[in-house]
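All remarks here apply to the structure that follows.
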Amino acid sequence: MSNDVICPYCGADVEINHDDGYGLEEDLIFSQECDWCAKEFVYTICIEIHYDAKRSDCLNGSPHKYKPTADRFPETHRIRCSDCGKETIQPEFLRP
Ligand SMILES: [Zn+2]
Ligand SMILES: [Zn+2]
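Residue numbers (our numbering): 1445 to 1540.
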């Protein structure tokens, strides 16, 4: 991934400076000075979308691979399939 942007004033390639983690939060406006024309510009982050495909046997006839969720309320006994993400309650804790 490139950290370069085009300066909106002079059109130069400017490398965004993320020292100390600055400017890594989405939906915030950050500013930086252009190395070339010394004008201050602002930028926002667009995280690139990418897709990660994997097999999900449970959607093709196999049982779901339920695991307990990292829930703040373990007493809810929620479990989630590690493949398809389907959530449910552990059967033995379902109310009749
Ligand atoms: Zn510039
Ligand atoms: Zn599943």
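Ideal placement from N, C-alpha and C gives every residue a C-beta, glycine not left out.
If you're wondering where the values come from, they're calculated on a predicted model, not measured in any experiment.
| Query | Result |
| --- | --- |
| Collapsed DSSP secondary structure at D1479 in the structure displayed | coil |
| Run of the beta strand (DSSP E) containing R1524, from where it starts to where it stops | R1522 to C1525 |
| Close Cβ partners of V1486 (< 7 Å) along its chain, the five nearest in sequence each way excluded | I1473, F1474 and S1475 |
| Residue range of the beta strand (DSSP E) that includes I1533 | E1531 to I1533 |
| Buried/exposed call for I1491, threshold 16 Cβ in 10 Å | exposed |
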